[in-house]
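Chemist:
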Amino acid sequence: MERRRTDLTVIPFMPKKLVFDQLASTVRTVQKVKKFYNPDLVITGILPVAMDASLKANKEFYEAMEVIAKEEGLDILPMIKRSTFIEKAADSGKSVIQYRSKESKVLAEPFRLLAKQVVEQAGETS
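Under this note's numbering, the letters of the sequence shown match residues 4 to 129, in that order.
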């Protein structure tokens, strides 16, 4: 049976204390939704967003997120770096993949990888 894209979910993760404190709880909530409401639900993975690898705190949150992902058996999806590029794309009314700028190809790549992974998972048979 082919998975529907509606059976896939991504858990976004920002390098903020409140978000980190709720990450394990969010994973458990999605697992409960799967158990009680949608047995076909699959967590595609944890999506790190607004990450700045040059900041020590972000690195520490990322490492702690990796521990939770490993404990829960979840993939870590391509990191979405912190960038004004995303805001510029939104301001222009375009998606990050459609927006054209000098940095667009490099910065849009994680979004392309994410889309590819979701489409591939949707085509897997269970």
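Just so it is clear, CB atoms sit at the ideal spot from N, CA and C, and this is done for glycine as well.
Could you name the residues that DSSP lists as bridge partners for Val45?
Modeler: Reading the sequence shown from its first residue, position 42 is the one you call residue 45. In the DSSP output, where bridge partners are listed per residue, Val45 has Leu11.
Chemist: Starting from Asp24, trace the alpha helix (DSSP H) in both directions and tell me its first and last residue.
Modeler: Taking the first residue of the sequence shown as 1, we reach residue 24 at position 21. Note, Asp24: alpha helix (DSSP H), Lys20 to Phe39.
Chemist: Rounded to whole angstroms, what's the CA-CA distance from Pro15 to Arg103? Just pull it up for me.
Modeler: Translated into positions along the sequence shown, residue 15 becomes position 12. Translated into positions along the sequence shown, residue 103 becomes position 100. Computed Cα separation, rounded: 25 Å.
Chemist: According to DSSP, simplified to helix, strand and coil, what is Ile71?
Modeler: What you label residue 71 is simply residue 68 of the sequence shown in a count that begins at 1. If DSSP states are grouped into helix, strand and coil, Ile71 belongs with the helices.
Chemist: Using 9 Å as the threshold, is the C-beta distance between Ile49 and Ala72 below it?
Modeler: Counting from 1 along the sequence shown, the entry for residue 49 is found at position 46. Counting from 1 along the sequence shown, the entry for residue 72 is found at position 69. In contact: Ile49 and Ala72 (Cβ atoms closer than 9 Å).
Chemist: Which of helix, strand or coil does DSSP assign to Leu117?
Modeler: One-based indexing of the sequence shown puts residue 117 at position 114. Helix at Leu117.
Chemist: Since I believe Gln124 is in contact with Leu11 (beta carbons under 8 Å), could you give me their beta-carbon distance rounded to a whole number of angstroms?
Modeler: Counting from one through the sequence shown, the residue named residue 11 turns up at place 8. Counting from one through the sequence shown, the residue named residue 124 turns up at place 121. Sure, about 6 Å apart at Cβ, within 8 Å.
Chemist: Spatial neighbours of Pro113 within its chain, please: C-beta separation below 7 Å, excluding the five flanking residues on both sides.
Modeler: Counting from 1 along the sequence shown, the entry for residue 113 is found at position 110. Only Pro81, Met82 and Ile83 meet the Cβ criterion.
Chemist: Please name the residue in Leu110, Leu116 and Pro18 whose C-alpha comes closest to that of Ala60.
Modeler: One-based indexing of the sequence shown puts residue 60 at position 57. Cα-wise, what sits closest to Ala60 is Pro18.
Chemist: Taking its Cβ as the centre, do 16 or more other Cβ atoms sit within 10 Å of Ala118, making it buried, or is it exposed?
Modeler: The count along the sequence shown starts at 1 and reaches residue 118 at position 115. Per the 10 Å Cβ criterion, exposed.
Chemist: Report the option in Leu77, Ala92, Ala111 and Val109 whose CA atom is closest to the CA atom of Thr47.
Modeler: Locating residue 47 in the sequence shown gives position 44, counting from the first residue. Nearest to Thr47 by C-alpha distance, out of Leu77, Ala92, Ala111 and Val109, is Leu77.
Chemist: Answer yes or no: do Pro51 and Tyr65 have a C-beta to C-beta separation smaller than 9 Å?
Modeler: By one-based count along the sequence shown, residue 51 stands at place 48. By one-based count along the sequence shown, residue 65 stands at place 62. The answer is yes: Cβ separation under 9 Å.
Chemist: For Leu50, which of helix, strand or coil comes out of DSSP?
Modeler: Working through the sequence shown from its first residue, we reach residue 50 at position 47. Reduced to three states, the DSSP call for Leu50 is strand.
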